[in-house]
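Asks:
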């Protein structure tokens, strides 16, 4: 979606996520695969930076609303159940 001059308008991430979730399952899967493959092109430094940002974001999210967290026992129990 570019304008006549080939310029793409700024995209709001929450809006993009909302629109992506409206896609049929197969198209969402293809989009997810494309996005994941694009991460393979990042440098090790960029991977570290992005994961650090994500960990910081998740930590702040839990600090803001501790009720959203789950006990390690519940997490591991669910993981074991999925592996069966």
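Residue numbers (our numbering): 1165 to 1248.
Beta carbons are placed, not taken as given, at the ideal position from N, Cα and C, and that holds for glycine.
#1: Which of helix, strand or coil does DSSP assign to residue 1222?
#2: Identify whether residue 1192 lies in helix, strand or coil by the three-state DSSP scheme.
#3: Specify, as a first and last residue, the run of the alpha helix (DSSP H) that residue 1175 falls within.
#4: Alpha carbon to alpha carbon, how far is residue 1206 from residue 1199?
#5: Report yes if the C-beta distance between residue 1195 and residue 1187 is below 9 angstroms; otherwise report no.
Replies: In this structure, then:
#1: Of the three classes helix, strand and coil, the one that applies to residue 1222 here is helix, per DSSP.
#2: DSSP places residue 1192 in helix when its eight states are reduced to three.
#3: Here residue 1175 belongs to no alpha helix (DSSP H), and DSSP marks it neither H nor E.
#4: Within the model, the alpha-carbon separation for residue 1206 versus residue 1199 is close to 12 angstroms.
#5: Yes. Within cutoff.
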